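Position 131 of the sequence shown, counted from 1, bears residue number 157 in my numbering, the numbering being contiguous throughout.
C-beta: ideal position from N, C-alpha, C; glycine also.
This one's a predicted model, so the numbers in the text were calculated from it and none came from an experiment.
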Amino acid sequence: MNRIYLNDGWYFTKHFTEDIVKRDADLSRMEQVRIPHTVCETPMNYFDEKCCQLVSGYRREIEVEDEWRDGHILLTFEGAAHEAVVYVNGIKALRHRSGYTAFTVDLVPYLTEGREQVIAVRLDSRESLNQPPFGGVIDYLTYGGIYRDVYLEVKDQYYIEDIYTVTPDVMREDMVLKADITLNHWTRGLSFEACLDLWEEVPDQPWHQELAGTDAGFRISCLTWYVKDAYTWDIDMPVLYILTVRLKKDGKVIDTRQVRFGFREIGFESDGFYLNGRQVKLRGLNRHQSWPYVGYAMPKTPQQLDADILKFDLGCNIVRTSHYPQSQYFLDRCDEVGLLVFTEIPGWQHIGDTLWKKIAVRNVREMITQYRNHPSIIMWGVRINESQDDDPFYYKTNLTAHELDLYRPTAGVRYLKHSRLFEDVYTYNDFVCTGDNEGCLPRAKVTDRTDRPYFISEYNGHMFPTKMWDDEDHRKEHALRHARVLNAIAVETDIIGSTGWCMFDYNTHGDFGSGDKICYHGVMDYFRNPKPAAAVYKSQSEFEPVMEVAASMNIGEHPAGIIGDVAVFTNLDSVRVYRNGDFIGEYFPDEQTYGEMDHPPVLITGLDKYTEKWGGKAGSWRFAGTKDGREVLTAIREPVDRCLLRITADRQTLVEEHSYDAATIHIEAIDKNETHLYYYQEPVTLRTEGCIEVIGPKVVSLRGGFAGTYVKSLGRSGKGTLYVSDAAGEVKIDFEVKT
Ligand code: GAL
């Protein structure tokens with residue numbers, strides 16, 4: 027039987043009491059909620075982060091069929107932040123102490139008579155908990171809530187608990203697929219049959235292979251198949267397969283489990299990272315799993331969208347899921363788009379007592395067993411981010427990881443140089459770059475373990491916080507620092523790659539950030555609107571022509587009216603500049619300073635001699651990006667007489683698959699030439715009709731010329747409309763909701 031999703035029908039209270047676990051509890055003071063859920067919606071900034079720190083309660087009734095009672099009824103929570111105690115019919119069934127990994131409880135021992143059974147959760151999201159990441163200070167908000175899917179799986183007495191696939195040799199014609207199949211129990215008479223299919227049907231190329239059947243024999247069976255004509259999973263062509271395993275008892279199928287995987291082989295050498303035998307320099311960013319207002323509580327499609335943004339809008343080939351395992355939806359999408367992943371256990375600088383460490387080791391176990399079929403994951407982070415050396419502890423986390431997965435290297439993020447290394451890869455946060463010095467340290471200054479690969483897991487971030495509405499020179503410098511570090515890392519051939527800090531601005535604790543509970547460290551803002559630095563990344567990719575002119579050409583924006591160098595982030599061959607229609611010059615990528623980047627920025631010098639004098643009449647500038655001699659992209663900078671709002675939605679069809687769906691809306695101030703207007707900060711009003719509602723406030727101000735919002739479905743099919751209005755009028759976007 028397929029999963030039965032239980033995301034609807036929950037009752038919630040911010041104040042847990044023992045009463046709510048009882049069958050006859052009074053629900054009148056509880057609120058009805060849907061999962062993903064946050065215990066506290068926050069404003070964008072300037073709020074008291076303690077609002078998320080409480081002991082809350084969730085409760086739901088479920089219906090159990092009589093015939094289910096002979097087997098197992100498995101209830102899984104994909105993510106509940108941070109300590110969950112699950113009660114079934116008033117009896118404490120399980121306690122789980124991690125907000126970032128899934129856990130499962132078998133309901134059968136706790137069932138009472140009748141169909142109706144009561145599930146309740148005491149959820150503690152206080153930071154005083156003795157478990158990772160808590161105990162010290164943390165530079166990100168940890169929120170609270172049952173914020174990932176909840177589902178039920180109904181099983182026979184014997185069932186497949188886990189399938190772990192590895193593809194150790196993809197360089198041969200018939201590729202090797204190994205699968206460890208774990209049963210809950212073994213008994214005589216059990217056998218398997220298996221088949222392999224392409225995940226996405228290619229209509230004219232049906233692909234299906236029956237794999238040899240075999241006796242189960244043991245609780246864990248290691249099966250090996252040689253598979254002909256399979257495609258590899260690669261970042262450019264991420265082909266995925268589905269392995270279906272049927273468990274039979276005395277010839278009758280009693281359980282079926284599917285797992286998606288890709289045929290791919292990774293190699294970490296001290297001179298580089300290899301994917302299917304080809305060297306790939308890793309270039310990416312760190313990602314938190316948060317959004318404005320609702321924190322961690324976002325459903326499938328916004329999770330997927332982040333992977334798409336990293337891959338296609340930021341041209342990354344790797345993401346680090348700082349600082350914890352993230353949604354399976356995000357990871358699934360990384361598999362689908364070909365985005366490599368470095369994931370890690372929860373934690374931030376602090377290591378706690380013996381119990382705390384035990385939970386951290388369990389986090390290693392849960393992370394690896396829950397995520398190891400993702401072909402996108404290439405490294406396990408088994409240290410607490412930026413913590414001190416602790417030999418027995420890290421010996422254990424490393425050992426645990428290797429026991430569970432021999433085919434991926436371990437790593438662990440440090441700010442320590444020459445620290446004790448149990449892991450396979452030395453990963454270091456290199457914040458040396460101050461703008462006018464080197465972009466990164468040579469590896470030899472950080473570690474003398476030349477036998478191990480070396481990866482830079484963070485750079486920039488707090489070294490140069492940048493708001494969308496900071497002045498142009500600041501925004502340009504932010505972007506150029508990213509270019510400087512990327513170039514420096516590319517020069518150092520013994521650095522296998524990097525993930526910069528970070529993808530987008532995020533809510534944080536009062537001790538960090540700009541005092542408003544936001545760290546403005548992203549190359550995008552919190553709504554995933556791009557700062558100029560985003561174009562540094564995008565311009566390294568080849569998906570489409572990119573040209574971001576990081577200048578408005580207004581002399582009054584700059585000290586003493588001097589514009590200085592104009593930076594253009596582009597993957598084109600050159601940029602031609604025209605002033606009032608007259609050709610001024612053609613400018614080329616700055617190979618001298620950024621020559622190791624795939625596409626160095628173009629730095630245009632000397633334009634000040636063409637600008638108007640102070641108070642003079644501003645003219646018109648045209649920048650034309652060329653490819654093979656043809657002008658393919660144009661950017662115009664001229665006096666602005668009017669601001670227009672460009673409003674886009676990532677989707678207009680919301681599908682309620684397992685829960686509500688959410689669309690991401692971007693609001694951008696532009697002029698008639700589609701030039702972004704950084705200093706437009708006016709409010710817009712949001713209103714909905716029909717089957718959708720806005721997440722967060724209904725009046726939002728543009729910040730740095732951008733705003734964002736989200737609309738979510740309400741559980742019923744039909745039409746919905748979002749109206750966005752400002753002084754100039756009203757714009758509407760229509761949605762269709764399918765349930
Ligand atoms: C690092 C840390 C990150 C973030 C970053 C800001 O030290 O690992 O979580 O705080 O600094 O630059």
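- Uninterrupted beta strand (DSSP E) stretches at least 3 residues long and entirely within the stretch 640-674 occur at 647-653, 656-663, given in chain order.
- Cβ-Cβ separation between valine 681 and lysine 764: approximately 5 Å, consistent with a contact (criterion under 8 Å).
- With a threshold of 16 other beta carbon atoms within 10 Å, threonine 327 meets it and is buried.
- Glycine 161 is classed as buried because its beta carbon has at least 16 other beta carbons within 10 Å across all chains shown.
- Beta-bridge pairing by DSSP links cysteine 248 to Asp206.
- As computed with DSSP, arginine 510 is found in no beta bridge at all.
- C-alpha of aspartate 195 to C-alpha of proline 479: approximately 21 Å in a straight line.
- By the Cβ-count criterion, cysteine 248 is exposed, with fewer than 16 other Cβ atoms from all chains shown falling within 10 Å of its own Cβ.
- For glutamine 284, the closest of Asp241, Glu199, Asp188 by C-alpha to C-alpha distance is Asp188.
- Given a length threshold of 3 residues, each whole run of the beta strand (DSSP E) inside the stretch 434-462 is given here in chain order: 452-455.
- Comparing alpha-carbon positions, the option among Thr68, Thr270, Cys342, Asp358 lying closest to glycine 170 turns out to be Thr68.
- Taking the CA atoms as reference points, aspartate 96 sits about 21 Å from leucine 120.
- For asparagine 389, the CB contacts under 7 Å within the same chain, skipping 5 residues up- and downstream, are Ser124, Thr127, Pro158, Ile371, Pro372 in chain order.
- Take the alpha-carbon of glycine 632 and the one of arginine 663: they are about 17 Å apart.
- Between glycine 288 and proline 435, the gap from beta carbon to beta carbon reaches 8 Å or more.
- The C-beta separation of threonine 735 from leucine 331 comes to about 14 Å, leaving the pair out of contact by the 8 Å criterion.
- In this structure, proline 468 sits away from tyrosine 546, with a CB-CB distance that is not shorter than 8 Å.
- Nearest C-alpha to glutamate 75 among Pro135, Ser151, Ala51, Asp276: Ser151.
- Nearest Cα to threonine 453 within the set Asp417, Glu429, Ser483, Leu442: Ser483.
- In this structure, the straight-line span from the alpha carbon of aspartate 634 to that of aspartate 591 is close to 9 Å.
- For proline 556, there is no enclosing beta strand (DSSP E), as DSSP gives it neither H nor E.
- Placement of the Cβ of serine 402 at a distance of 7 Å or more from every heavy atom of ligand 1 is found.
- Per DSSP, the continuous beta strand (DSSP E) segment holding tyrosine 177 begins and ends at 176-181.
- Taken from the Cβ of glutamate 412, at least one heavy atom of ligand 1 lies inside 7 Å.
- For threonine 423, the secondary structure class from DSSP, reduced to helix, strand or coil, is helix.
- Distances from the CB of glycine 487 to the heavy atoms of ligand 1 include at least one below 7 Å.
- Of Glu153, Asp50, Trp36, the smallest CA-CA separation from valine 81 is found for Glu153.
- The nearest non-hydrogen atom of ligand 1 is 7 Å or more from the C-beta of glutamate 75.
- Counting along the chain, glutamine 143 sits inside the beta strand (DSSP E) bounded by residues 142-150.
- Scanning its chain for C-beta atoms nearer than 6 Å, with the 5 sequence neighbours on each side dropped, one finds around valine 575 the residues Val594, Phe649, Ala661, in chain order.
- Annotation: the continuous alpha helix (DSSP H) that includes valine 363 extends over 354-363.
- By the Cβ neighbour-count rule, glutamate 498 is buried, with 16 or more other Cβ atoms within 10 Å of its own.
- Excluding residues up to 5 positions away in sequence, Asp200, Met201, Leu203, Leu222, Gln235 lie with their Cβ nearer than 7 Å to the Cβ of valine 253 in the same chain.
- Counting every other CB atom within 10 Å of its CB across the protein chains shown gives histidine 444 a total below 16, marking it as exposed.
- Residue burial annotation: lysine 639 is exposed, with fewer than 16 other C-beta atoms found within 10 angstroms of its C-beta.
- A check of alpha carbon separations from threonine 426 across Trp406, Arg391, His41, Leu712 identifies Arg391 as the nearest.
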